[in-house]
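The opening residue of the sequence shown carries number 2 in my numbering; numbering runs sequentially from there.
Positions of the beta carbon are idealized from the N, C-alpha and C atoms, including for glycine.
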Amino acid sequence: MKKIGLPIRFGIAISASLIAYFLILSLFNVHTSPIYSLFNSVIISFGIYEAIKSFKLTEGDKFNFTNGFTTGIFTGFIATIIFTIFFAFYVVEIDTDFFIRFLESFNRHEIIYYSSSESNYFEFKDNLNVVPMLEDGILIFGVILILSTVAIMGFLTTLVLTLIFMPLIMRSNNILQNTIH
Numbered sequence: 002m003k004k005i006g007l008p009i010r011f012g013i014a015i016s017a018s019l020i021a022y023f024l025i026l027s028l029f030n031v032h033t034s035p036i037y038s039l040f041n042s043v044i045i046s047f048g049i050y051e052a053i054k055s056f057k058l059t060e061g062d063k064f065n066f067t068n069g070f071t072t073g074i075f076t077g078f079i080a081t082i083i084f085t086i087f088f089a090f091y092v093v094e095i096d097t098d099f100f101i102r103f104l105e106s107f108n109r110h111e112i113i114y115y116s117s118s119e120s121n122y123f124e125f126k127d128n129l130n131v132v133p134m135l136e137d138g139i140l141i142f143g144v145i146l147i148l149s150t151v152a153i154m155g156f157l158t159t160l161v162l163t164l165i166f167m168p169l170i171m172r173s174n175n176i177l178q179n180t181i182h
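Next up, the structure:
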């Protein structure tokens with residue numbers, strides 16, 4: 002129980018921080034801008050690093066790569082699942098126009114896509130003229146797509162950050178041997 006309690010505690014703390022950050026962004030009406038989600042990785046980084054470091058302190062000499070890696074992955078997955086559940090509730094119950102405004106945020110930034118030939122270019126914003134007329138099925142698909150993206154990004158961020166932090170936290174098992182010739 003002690004080994005599983007630490008990742009749960011840190012996972013809840015990370016997800017609470019992510020939710021608070023998202024709600025602060027929504028107060029300023031910038032929560033639909035994808036650029037602000039980059040700070041999510043900072044929040045997750047700090048939480049996973051601290052979880053692994055705390056686990057190392059509690060384990061002492063018994064700490065190994067597998068235990069630390071499991072702690073980091075479990076912490077991040079818990080945080081991702083909780084945040085994705087909150088995000089689903091937010092998109093479906095609190096801000097039902099989130100999906101449409103999220104797509105329109107790309108329009109505000111005037112993102113332009115070009116293919117290799119100049120004859121096959123189009124502006125993304127011109128294609129968003131149909132967004133307000135989305136059918137319910139397409140809207141539901143869009144919400145599921147956004148939720149899947151949030152979950153996958155959280156899981157992958159967790160995996161990458163855990164792989165980055167483990168060598169930083171682990172003490173090398175390589176023994177320096179002085180050879181006398």
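- For Ile86, the closest of Ile13, Phe166 and Pro8 by C-alpha to C-alpha distance is Ile13.
- Pairwise C-beta distances place the stretch 28-39 out of contact with the stretch 60-79, as fewer than three of them are shorter than 8 Å.
- A distance of 9 Å or more separates the beta carbons of Ile36 and Ser18.
- In this structure, DSSP gives Ser42 a helical state, which the three-state scheme calls helix.
- Non-local beta-carbon contacts of Met167 in its own chain, meaning distances under 8 Å to residues more than five positions away in sequence, involve Ile53, Phe66, Gly69, Phe70 and Gly73 in chain order.
- Per DSSP, reduced to three states, the secondary structure at Ser16 is helical.
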